[in-house]
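Number of protein chains: 2
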Amino acid sequence: MADLERNKQIVVDYYQTAFDGEPEKAAEQHVGDRYVQHNPMASDGTEAFIGFVKWLRGEHPELKLEIKRVVAEGDLVVTHSHLTLEPGEPGQALADFFRVEDGKVVEHWDVIQDIPATAANQNSMF
Amino acid sequence: MADLERNKQIVVDYYQTAFDGEPEKAAEQHVGDRYVQHNPMASDGTEAFIGFVKWLRGEHPELKLEIKRVVAEGDLVVTHSHLTLEPGEPGQALADFFRVEDGKVVEHWDVIQDIPATAANQNSMF
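So the sequence lines, in the order shown, correspond to chains L and R. The working numbering puts the first sequence at residues 1 to 126. The working numbering puts the second sequence at residues 127 to 252.
This is the structure we're talking about:
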C-alpha cells in the first residue's frame, strides 16, 4: 500500500509540475531511463512532452490542470483530470495511465475528450 | 484485495456483457439502486445506457469492445478499452471509471477519443 501511495504522489507531482509550467523539472525528477509514449501525437521520450507543454502554455498562459481523482494498482496510476486552456471554457476531460517502475514514470497512455457545453445530466464529466 | 478482484470482475462482466449484446442483462445483474451518469450524452439511470448500446449494435452488428487493462483501488475500477464499430477501422480509445458499492455499479464516468489513422510512435494507443 505504501508503494501505491508513493506512486500516486510521483505521478501527481510529475503531471502537475509539468502543466504548472516546469515540464523539464518534472521530467528530470520523475521520468526513468525510458518514456514509452502511447499518445499518438507524441514520439517516445520526454522531449515531445516537454515541447508540447511549453508550446501549450505559451499559447494559453492561463491554462489550468486539475487532477480530480487518482486510482493506483500494481505499477499503474490512473488520473482523471480537467484541463482548461482559457478561464471559463468547458475544457477537456483527460484520463492518463502511467506505469511507474522503481519510483520513476516509464510509460504513458491517455484518452482526451472535449467537454461539450451542455449535457444530458447534471453531474459534470467529473 | 479480494474486494478489488471482485469489483474488477463485476465491472468487466457488466461492460463486456453489455457490449456483447445483452445490456439489459448486464444492467439487471450488476447495477445498484442508482446509476449516476457522467457521460454528457446520457441521463442518469441505466435506460439511456441500454438504449445507446442497443442502437449502436443495431447500426454496427460487428462492433467489438476489447478491455485492454483494468485498474482498481478502493471503490473505483478503471478500464482502458478499444472499441471498433466496424472490422479494420482504427476505432476509439475509451477510459471508463466505475464506482462499485456492495458489489453493484452505481456511478460511471468516461473519456472517449477517436484513434487517428497514423501516430508519431509505434506503440498504439494501448
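Virtual Cβ for every residue (Gly too), placed ideally from N, Cα, C. Computed from a prediction, not measured in an experiment: that's the story for all the values here.
Name the chain L residues whose beta carbon is nearer than 7 angstroms to that of residue i?
i        : result
R/GLN163 : ASN121, ASN123
R/LEU182 : Within chain L, no residue comes near R/LEU182; the closest Cβ sits about 16 angstroms away, beyond 7 angstroms.
R/LEU220 : VAL111
Along chain L, in chain order, which residues have C-beta atoms closer than 8 angstroms to that of residue i?
i        : result
R/LEU202 : ARG69, VAL71
R/PHE84  : What the structure shows of chain R is the stretch from 127 to 252, and residue 84 of chain R is not part of that stretch, so it cannot be assessed.
In this structure, how does DSSP classify residue i when only helix, strand and coil are distinguished?
i        : result
R/GLN248 : coil
R/ILE238 : strand
Express the C-alpha separation of residue j and residue i in angstroms, rounding to a whole number.
i        : j        : result
R/VAL232 : L/GLN113 : 23 angstroms
R/GLY184 : R/VAL137 : 23 angstroms
R/ASN165 : L/PRO90  : 14 angstroms
R/THR244 : L/GLY51  : 20 angstroms
L/GLU22  : L/ASP75  : 25 angstroms
R/GLN142 : R/LYS151 : 11 angstroms
L/LYS54  : L/ARG6   : 27 angstroms
R/TRP235 : R/ILE241 : 19 angstroms
L/ASN121 : R/SER250 : 33 angstroms
R/LYS230 : R/LEU189 : 26 angstroms
R/VAL204 : L/ALA42  : 24 angstroms
R/GLU227 : R/GLN155 : 14 angstroms
L/ALA72  : L/PHE97  : 9 angstroms
L/ALA2   : R/GLU212 : 44 angstroms
R/ASP139 : R/THR172 : 16 angstroms
L/GLN37  : L/PHE126 : 25 angstroms
L/ALA27  : L/LYS8   : 16 angstroms
L/ASP44  : L/LEU56  : 19 angstroms
L/VAL31  : L/HIS80  : 20 angstroms
Residues of chain R with CB closer than 8 angstroms to the CB of residue i, please, in chain order.
i        : result
L/ILE112 : VAL237, GLN239
L/ALA42  : ALA246, ASN247
Based on Cα-Cα distance, which residue from the options lies nearest to residue i?
i        : options                                : result
R/ARG160 : R/ASP146, R/ARG225, R/THR244           : R/ARG225
L/THR84  : L/ILE67, L/SER43, L/VAL31              : L/ILE67
L/LEU65  : L/MET41, L/ALA93, L/SER43              : L/ALA93
R/PRO187 : R/HIS234, R/HIS208, R/PHE145, R/VAL237 : R/PHE145
R/ALA221 : R/GLU199, R/GLU212, R/PRO242, R/ARG195 : R/ARG195
L/VAL111 : R/GLN163, R/ALA174, R/HIS208, R/LEU182 : R/HIS208
Which chain R residues are close to residue i, counting only those with a beta carbon under 7 angstroms from its beta carbon?
i        : result
L/PRO116 : PRO166
At a CB-CB cut-off below 9 angstroms, which residues of chain L make contact with residue i?
i        : result
R/PHE223 : ARG69, VAL71, VAL78, HIS80, ALA95
To test your reading of the DSSP string, which unbroken alpha helix (DSSP H) runs of 4 or more residues are found completely within the region 139-225 of chain R? For the region 139-225 of chain R, whole alpha helix (DSSP H) runs of length 4 or above, ordered along the chain, are 149-156, 173-185.
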